[in-house]
Amino acid sequence: MAKASARHILVDTEAQCETLKQQIEAGTDFAEVAKQHSSCPSGKQGGDLGSFGPGQMVREFDEVVFKGELNKVHGPVKTQFGYHLLEITSRS
-9 MAKASARHIL VDTEAQCETL KQQIEAGTDF AEVAKQHSSC PSGKQGGDLG
41 SFGPGQMVRE FDEVVFKGEL NKVHGPVKTQ FGYHLLEITS RS
């Protein structure tokens, strides 16, 4: 069974998501941005979601995490919770 590890940042607006993505792509640490801005409890751990398999997260996550490029910031990804930036840290 496929497994992946990822980090994410959850915010309320697409505009805020885009701004944070630009900061990360300019060199700001993903974990620090998550700690400062993510509204998800995982933000306290730098956005770390740990390891999970297909179907354990919302469909929109699976579409990115199990197909997207590793160690790249993906998003904004819209879910019922808000807008996310995702970074896939590993996949097997």
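For the sequence shown, position 64 (counting from the first letter as 1) is numbered 54 according to the working numbering, and the numbering increases by one without interruption.
We treat Cβ as the ideally placed atom computed from N, Cα and C, and that holds for glycine.
Distance between residue j and residue i (C-alpha atoms, nearest Å)
i, j, result
"Ala5", "Gly40", "27 Å"
"Asn125", "Ser80", "An answer regarding residue 125 cannot be provided, because it is not within the stretch -9 to 82 covered by the chain."
"Glu8", "Ile14", "10 Å"
"Val23", "Gln70", "21 Å"
"Ala(-6)", "Val63", "15 Å"
Beta-bridge partners of residue i, as assigned by DSSP
i, result
"Tyr77", "Note that residue 77 is Glu in the sequence shown, not Tyr. Looking at the DSSP assignment, Glu77 forms a beta bridge with Arg(-3), Val63."
"Phe42", "Ala(-6)"
"Lys68", "Tyr73"
Pair within 9 Å by beta-carbon distance, residue i and residue j
i, j, result
"Ile78", "Val55", "yes"
"Glu50", "Lys34", "no"
"Gly36", "Ala16", "no"
"Pro44", "Ala(-8)", "yes"
"His11", "Gly65", "The sequence shown places Lys at residue 11, rather than the His named in the question. Contact: yes."
"Ser29", "Asp38", "no"
Q.
Would you call the segment -8 to 9 in contact with the segment 60 to 77, where contact means no fewer than 3 C-beta pairs closer than 8 Å?
A. yes
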